[in-house]
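Following: one structure in structure tokens, then a few remarks.
Protein chains: 2
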Amino acid sequence: MRKQSLPIFTSFILAFITSAFAADKPVSFSRPDLAAAATLRERALADGTAYQLVTSLTMEVGPRPAGSAGDKAAVAWALREMNKLGFANVRTVDAVVPHWVRGEAEFEVLAPFPQPMPALALGGSIGTAGEGIDAEAVMVKDLEALAALPAGAVKDRIVFFSNRMERTRDGTGYGKAVAVRANGPSAASALGAIGVVIRSISTSDQRFPHTGGLRYAANSPKIPALAISNPDADALARQFESGKPVRLRLKSSSRDLPPAKSANVVGEIPGTDLAQEIVILGAHLDSWDPGVGALDNAAGVGIMMGVAKLIAGLDVKPRRTIRVVLFANEEFGTSGSLAYVAAHEAEMARHVLGFEADFGAGPVWRLSSRVHPAQLPVVDQIYRALAPLKLARGGNEARGGADLDALGKLGMPILEPNLDGTKYFDIHHTANDTLAQVDPEALRQSVAAYGVAVWLGAQYPGSWERVVAPKPPRR
Amino acid sequence: MRKQSLPIFTSFILAFITSAFAADKPVSFSRPDLAAAATLRERALADGTAYQLVTSLTMEVGPRPAGSAGDKAAVAWALREMNKLGFANVRTVDAVVPHWVRGEAEFEVLAPFPQPMPALALGGSIGTAGEGIDAEAVMVKDLEALAALPAGAVKDRIVFFSNRMERTRDGTGYGKAVAVRANGPSAASALGAIGVVIRSISTSDQRFPHTGGLRYAANSPKIPALAISNPDADALARQFESGKPVRLRLKSSSRDLPPAKSANVVGEIPGTDLAQEIVILGAHLDSWDPGVGALDNAAGVGIMMGVAKLIAGLDVKPRRTIRVVLFANEEFGTSGSLAYVAAHEAEMARHVLGFEADFGAGPVWRLSSRVHPAQLPVVDQIYRALAPLKLARGGNEARGGADLDALGKLGMPILEPNLDGTKYFDIHHTANDTLAQVDPEALRQSVAAYGVAVWLGAQYPGSWERVVAPKPPRR
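Sequence lines, in order, name chains A and B.
Take the first sequence: its letter number 56 is residue 56 in the working numbering, and every next letter is one higher.
Count along the second sequence starting at 1, add 1000, and that's the number in the working numbering.
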């Protein structure tokens, strides 16, 4: 966005103004709908469905990376659980997913002070041949520091990226740091490097490496790439700071298998008079393999299914259709949500409002949105209905999660109860992503916050206007 | 102790009374010695030596289990660092140590819900043949529950011990729980079991298995034994609670190599008029292999070397000799401290006072002791000199660490600045035992507390009386 030119920005403003005049004047929620929202909130705060689903998915399925046996088991699990909860139109929407297999990673410092360190291969990275790579290493902070090195500085070397991400509540620290993981390997390779080690994109002092996807560029050789934990990155940085040459060995048996079949799993609470309009609740079913994906993203699955179950249990039926979509393969390029959009092309305009939960197990601390500016007063009304949960009021620049990217680009409004991400990146993409990291009370509060917003979104007496401004790009 | 008969107990009391009358009347510390104690305390609170030593030992040597290359490197490190600090009579005292090699451990639930779980072999455990052990499993809480099972209940089964240890400040939770690790494998084997999995002796919800030594009994077959983390033990317990048969697979390539040569490393701050009397400061140099042994026990090494360095830097020289002993092989049966005692048999009576640091990186929260009861007023005086550190006053039942067991049995008095163990068993014996777990400020405070007690212990104007009551047994 920063590099967009002024004329384009001006045209957004004009489009906003124009369509603001065109939009319906926001109208108020009915008393019965607000009363039902309060009932929903109270029931959610006492309801164990979401936690039970997180427990079940993590224990009965466990790790479920795209293309794995766990992925298939997760789809079967979701179909079964949606049917058990009485959702309507329970079905799968096929998706083709990459099938990368981690294998084993080994990493050690050979000099100046020999020491093995636990490591995880980055998702999608290639393996090493035979005994791996043994080479002198260069430490750089980040992509900018790499680019500033003299020509040839990393030729035939291993590059260690040492930057530590910042802890924030809203995840902005991750946004700033993650480019090293996504693009660092190819950036180093383009300069002649033969391997990459990154300090995990992590806020934790526990010794867990964090995996996560990389993106190889087409125009430079693919090179192996591993992540090490913060404590090990600190120790490795100290080895560099000793001034002696640092020699590293890395080995990985990661490999790609042919793409596999997976599926999004869909279930609905049918609407009534506005049944043709869809309020979509997205979370992803896949997980990384080292942990059991409790926070990422069984929690989102539990929140969304818990919300739909509570709405189904109200005396009043929703006006719009609530559609829960558990997306396949968020982690390796969101091929699940892209397949969903392709399969539902004809009804994209009927996706009138979107929610996503993909940021841990709560609590919700803020309500943000990305709605037509003329409809911000509607968000204000929903915010007031959430008052007992004492949330902050966020802005109108919400992005949803990655699985709403395609729908957001088509102008679908998004409401975003912001899950507290302060500790999320302690756990994200590690072996430590287990049920023990889920606070049942925070999860119930999250269901309550999402539940109220989803319910009122489905009941809004006016029309949800499309959003004209393009969705801000994800880093 | 509980099963000791009354006559023996009575005889202790009589011995106490008798020798109490025999003991010198406690005398007061001189003003200059108390002033030096205050100087030492203030300097310690600003001194980075201990943290620098912990950093250096964990980074330059890293893992140093008995018999390994790291063990040898640690001995060389300690000699070098003691000489750098200017200690006198720096030398090694040879010790033979067991040489167990961990290899790789694999653990997975095969039924009802297949799932791999990270595991560590218990120290000293045997490996499995070929593809490992695949068997139905029985869950029991602890040794008592195992003993209460009907005959044949665990025959040809894998036994899972599910008890969770309690978090305490003084480590008593560990004492209550650790018998399962030490004795569970042989207890299960005696009943026909073919493998054991324990819930780690751990207070952590992070997904780290904790290793630690076991003791095979002579009269039952040795069987493999692994530990899993608390989150995985919870998940496994839930699998049992599903009521379906639980089938487990475990595999380990652990093995024993022939005993190896290692060494205790000794260095002194020579005494003056009472130089023949030794105040011994013990910590152990070895560590478990998965982590780098920052808390267990680079911290103890740092504290003791830091204390000795600060005492050497005072204007007044100590009356008694301060002897720092960095013991070999605490973790596999304290063969280092036993070798030390054997090698110094003739001067055992000259070891007049002992300190040990083997409980993490502090802070010190209490002062305990195990002195002749008539000399408790001396401990009170030392406690008063520690007042600015706001410690609690503990009892006279201190046990020191395991490396003082042999010396304690010989009647050596012990002063014990108690390191706060509240979080120690989150980290103890895991891969997560890294420098990131050491709080530099708490470590400096620990050096201050130990420093004052050691210094005054070395300056005491009276004689340190031997302790008549036997040292309480370690569980």
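Think of the CB as a built atom: it goes at the ideal place given N, C-alpha and C, for glycine as much as any other residue.
Environment of residue i [buried if 16+ CB atoms lie within 10 Å]
i	result
valine 1159 of chain B	buried
threonine 1434 of chain B	buried
arginine 476 of chain A	This structure does not reach residue 476 of chain A, given that chain A is present from 1 up to 475, and the question cannot be answered.
tyrosine 1460 of chain B	buried
leucine 1326 of chain B	buried
asparagine 89 of chain A	exposed
threonine 172 of chain A	exposed
proline 377 of chain A	exposed
aspartate 1289 of chain B	buried
valine 27 of chain A	exposed
serine 242 of chain A	exposed
threonine 203 of chain A	buried
asparagine 83 of chain A	exposed
alanine 1431 of chain B	buried
glycine 103 of chain A	exposed
glutamine 445 of chain A	buried
glutamate 1042 of chain B	exposed
alanine 22 of chain A	With a pLDDT of 47 at alanine 22 of chain A, under the threshold of 50, the predicted position of this residue should be treated as unreliable, though the coordinate-derived value follows. Classification of alanine 22 of chain A: exposed, given that the 10 Å Cβ count is below 16.
DSSP three-state assignment for residue i, whether helix, strand or coil
i	result
glutamate 1136 of chain B	strand
tryptophan 1455 of chain B	helix
lysine 94 of chain A	A small fix is needed here, since residue 94 of chain A is aspartate in this sequence, not lysine. Note: aspartate 94 of chain A maps to strand in three-state DSSP.
isoleucine 414 of chain A	strand
valine 307 of chain A	helix
phenylalanine 1240 of chain B	helix
valine 159 of chain A	strand
valine 1447 of chain B	helix
glycine 1462 of chain B	coil
glutamine 4 of chain A	Below a pLDDT of 50, predicted positions are generally treated as unreliable, and glutamine 4 of chain A, at 37, falls in that range; no measurement from the model is reported.
isoleucine 1427 of chain B	helix
threonine 39 of chain A	helix
threonine 1018 of chain B	Only weak support exists for where threonine 1018 of chain B lies, its pLDDT of 43 falling under 50; the coordinates are left without a value.
valine 1266 of chain B	strand
valine 1316 of chain B	coil
leucine 1143 of chain B	helix
asparagine 396 of chain A	coil
alanine 111 of chain A	strand
Cβ separation of residue i and residue j, assumed to be a contact under 8 Å, to the nearest whole Å
i	j	result
isoleucine 1269 of chain B	phenylalanine 1087 of chain B	7 Å
proline 1063 of chain B	serine 1287 of chain B	6 Å
leucine 295 of chain A	histidine 428 of chain A	7 Å
leucine 40 of chain A	valine 452 of chain A	6 Å
valine 1447 of chain B	alanine 1044 of chain B	4 Å
phenylalanine 1107 of chain B	leucine 1250 of chain B	5 Å
valine 1061 of chain B	leucine 1248 of chain B	Rounded, the Cβ-Cβ distance is 36 Å, inconsistent with contact.
valine 154 of chain A	valine 138 of chain A	5 Å
arginine 1091 of chain B	valine 1266 of chain B	5 Å
Interface partners of residue i on chain A, CB under 8 Å
i	result
alanine 1435 of chain B	Just to set this straight, residue 1435 of chain B is leucine in the shown sequence, not alanine. Under the 8 Å cutoff, chain A gives Pro231, Asp234, Ala235.
isoleucine 1239 of chain B	Position check: residue 1239 of chain B holds glutamine in this sequence, whereas isoleucine was assumed. Per Cβ cutoff of 8 Å: Met59.
Within chain B, partners of residue i - CB distance below 8 Å
i	result
phenylalanine 113 of chain A	Met1059, Glu1060, Val1061, Gly1062
Residue i at chain E interface by Cβ criterion, 8 Å
i	result
glutamine 206 of chain A	The structure shown contains no chain E; its protein chains are A and B.
Per-residue contacts from residue i into chain B (C-beta, under 7 Å)
i	result
proline 118 of chain A	Ala1431
_Assess contact between the region 278-286 of chain A and the region 294-312 of chain A, defined as three or more Cβ pairs (one per stretch) separated by less than 8 Å. Is contact present?_
The region 278-286 of chain A, when compared against the region 294-312 of chain A, does touch it at the 8 Å Cβ threshold.
_Across the region 1026-1042 of chain B and the region 1450-1459 of chain B, are there enough close Cβ pairs to call them in contact, namely three or more that are closer than 8 Å?_
Between the region 1026-1042 of chain B and the region 1450-1459 of chain B there are three or more C-beta pairs closer than 8 Å, enough to call the two in contact.
*asked:* Would you call the region 119-138 of chain A in contact with the region 211-224 of chain A, where contact means no fewer than 3 C-beta pairs closer than 8 Å?
replied: The region 119-138 of chain A, when compared against the region 211-224 of chain A, does touch it at the 8 Å Cβ threshold.
_If contact is defined by three or more beta carbon pairs under 8 Å, each pair taking one atom from either stretch, is the region 1096-1106 of chain B in contact with the region 1259-1268 of chain B?_
Flag = yes, the region 1259-1268 of chain B and the region 1096-1106 of chain B touch.
*Give a yes or no on contact between the region 1414-1425 of chain B and the region 1163-1179 of chain B, applying the rule of three or more CB pairs nearer than 8 Å.*
Yes: the two stretches touch, three or more of their Cβ pairs being nearer than 8 Å.
*Contact the region 332-342 of chain A vs the region 384-400 of chain A: 3+ CB pairs below 8 Å*: Not touching, per the Cβ criterion.
*Does the pairing of the region 176-190 of chain A with the region 215-232 of chain A give three or more beta-carbon distances under 8 Å?*
Counting Cβ pairs under 8 Å, three or more are found: they touch.
*Pairing CB atoms from the region 51-62 of chain A with CB atoms from the region 218-232 of chain A, are three or more of them under 8 Å?*
Contact between the region 51-62 of chain A and the region 218-232 of chain A is absent, because fewer than three Cβ pairs lie under 8 Å.
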